[in-house]
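Asker: Before I ask anything, let me first share the structure, which is written out below as C-alpha cells.
2 protein chains.
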Amino acid sequence: MNNEVFKALADPTRREILRLLGRGEQSAGQLAQRFDMTKPSMSHHFSVLKQAELVHSRREGQQILYSLNTTVLEDVLTWLWDAFGHDTKAVPSRKPS
Amino acid sequence: MNNEVFKALADPTRREILRLLGRGEQSAGQLAQRFDMTKPSMSHHFSVLKQAELVHSRREGQQILYSLNTTVLEDVLTWLWDAFGHDTKAVPSRKPS
DNA sequence: CCAATAATTAGATGGCTGTCTAACTATCTT
DNA sequence: AAGATAGTTAGACAGCCATCTAATTATTGG
C-alpha cells in the first residue's frame, strides 16, 4: 500500500471531501462550495486525492465529477485491521448474506 | 475523532511501529532497534503516537513499554467504514458466527 | 555516590505542505 | 468569435515535520 494514501488522509479538508463523496458523485464546484477556501486550494486537494487513487474523476461538459474509489479505501481498512492484530484475509461484508 | 490520529498514521515509520506493536507490548529500545534512525527520532515518533492516543506506555525499570491502544484504532476503522458509504454503527466482527 | 544503561528533551535545519493570487485551459452559449 | 462559467496550473510563501547532535533525566548496580 502506498504512503500517499495515508498522507492524503492526514488532512481534514480531504477527509471531509471523501465523506461528502460517500453520498455519491459530485462536481468540483459542488464540493468547493462547502469549504471556506479558494478554488485553486480545493483543486489542489482533489489532485492529492486523485494521486493517491482515493477518488476517480471524469469530465462532463464544463464540470469535473469526482467519486470515491472504494478499492483503495478497502486497502486502508485492511491495513488497519491487520495492525489491530486480527488475522485478517479481507474486510468483512456489511451484509453477510 | 481527532486530526492528530490521522497525522500520526501519515508517517511510514509510525505505521510500522504500530504493526510491530500488533504482536504485543515492546520496549522503546526493542522497537528502535528495528529502524535505521537515532533514538531521539524514534522517541519523537513514540511521542506523536502517544499524543494521538494510538499507543499506551508504562515504565518498567529503566525501560518504557509501549502497547497498542486498540480503541482509537477502532475509531479510525469506523470512520473509514462510514466514508465508504456503508451505514455502519460499528465495525463488524471478523468471525460472523 | 559513580558509572552505565535506557530513554527523553532541547534546539537546529532542510524539506514538505496547505494556502493564496494571477494566469491559463476547456467548454458552452449566443 | 466573444463572453461566461468551471476548473486547473504556476509560482510564492509561511508554517509544519522528520531528522540530527548535544545535553538531560531516570533507573539500576557496584
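Line order of the protein sequences matches chains A and B. Each residue of the first sequence is one higher than the last, beginning at 1 in our numbering. Each residue of the second sequence is one higher than the last, beginning at 98 in our numbering. The C-beta atom is built at its ideal place from N, Cα and C for all residues, glycine as well.
Going by DSSP, what residue range makes up the beta strand (DSSP E) through Leu165/B?
Answerer: As a first step, residue 165/B must be located in the second sequence, where it is residue number 68. Unbroken beta strand (DSSP E) run through Leu165/B: 160-165.
Asker: Would you kindly check if the distance between the Cβ of Leu80/A and the Cβ of Leu174/B is under 8 Å?
Answerer: Numbered from 1 along the second sequence, position 77 holds the residue referred to as residue 174/B. Numbered from 1 along the first sequence, position 80 holds the residue referred to as residue 80/A. Yes, they are a contact pair.
Asker: Could you give the distance in angstroms between the alpha-carbon of Arg156/B and the alpha-carbon of Gly126/B?
Answerer: Working through the second sequence from its first residue, we reach residue 156/B at position 59. Working through the second sequence from its first residue, we reach residue 126/B at position 29. Computed Cα separation, rounded: 13 Å.
Asker: Cβ of Ala105/B within 8 Å of Cβ of Leu151/B?
Answerer: Here residue 105/B is taken as the residue at index 8 of the second sequence, counted from 1. Here residue 151/B is taken as the residue at index 54 of the second sequence, counted from 1. Contact: yes.
Asker: Taking C-alpha atoms, which residue in Arg131/B, Leu146/B, Met139/B lies nearest to Val169/B?
Answerer: Translated into the one-based positions of the second sequence, residue 169/B becomes position 72. Measuring from the Cα of Val169/B, the nearest candidate turns out to be Leu146/B.
Asker: Taking 8 Å as the CB-CB cut-off, is Val169/B touching chain A?
Answerer: The residue you call residue 169/B lines up with position 72 of the second sequence. Not one chain A Cβ lies under 8 Å of Val169/B.
Asker: Inspect the beta-carbon positions of Thr110/B and Phe132/B and report whether they are closer than 8 Å.
Answerer: For the purposes of this step, residue 110/B is taken as residue 13 along the second sequence, with counting starting at 1. For the purposes of this step, residue 132/B is taken as residue 35 along the second sequence, with counting starting at 1. Cβ distance < 8 Å, so Thr110/B and Phe132/B count as in contact.
Asker: DSSP state of Glu25/A, grouped into three classes?
Answerer: Position 25 of the first sequence holds residue 25/A. If DSSP states are grouped into helix, strand and coil, Glu25/A belongs with coil.
Asker: Could you name the residues of chain A that Lys104/B contacts, counting a contact when the two beta carbons are closer than 7 Å?
Answerer: Against the second sequence, residue 104/B aligns to sequence position 7. Ala10, listed in chain order.
Asker: Below 7 Å on C-beta distance, what does Asp68/B contact in chain A?
Answerer: The requested residue 68/B is not part of the displayed model; chain B covers only 98 to 194.
Asker: Would you report the Cα separation of Ile161/B and Asp11/A, rounded to the nearest angstrom?
Answerer: Locating residue 161/B in the second sequence gives position 64, where the first residue counts as 1. Locating residue 11/A in the first sequence gives position 11, where the first residue counts as 1. Distance between the alpha carbons of Ile161/B and Asp11/A is about 31 Å.
Asker: With a cut-off of 8 Å on the beta carbons, I'd call Leu31/A and Leu68/A a contact; round off their distance for me.
Answerer: Within the first sequence, the letter at position 31 stands for residue 31/A. Within the first sequence, the letter at position 68 stands for residue 68/A. Contact flag wrong, Cβ pair sits at about 12 Å.
Asker: For Ala180/B, go through chain A and note every residue whose CB falls closer than 7 Å to its CB, in chain order.
Answerer: Along the second sequence, one-based indexing puts residue 180/B at 83. By Cβ distance, chain A contributes Leu18, Arg19, Gly22, Leu73.
Asker: Measuring only the C-alpha atoms, how far is Gln33/A from Ser27/A?
Answerer: Along the first sequence, one-based indexing puts residue 33/A at 33. Along the first sequence, one-based indexing puts residue 27/A at 27. Going from the Cα of Gln33/A to the Cα of Ser27/A covers about 10 Å.
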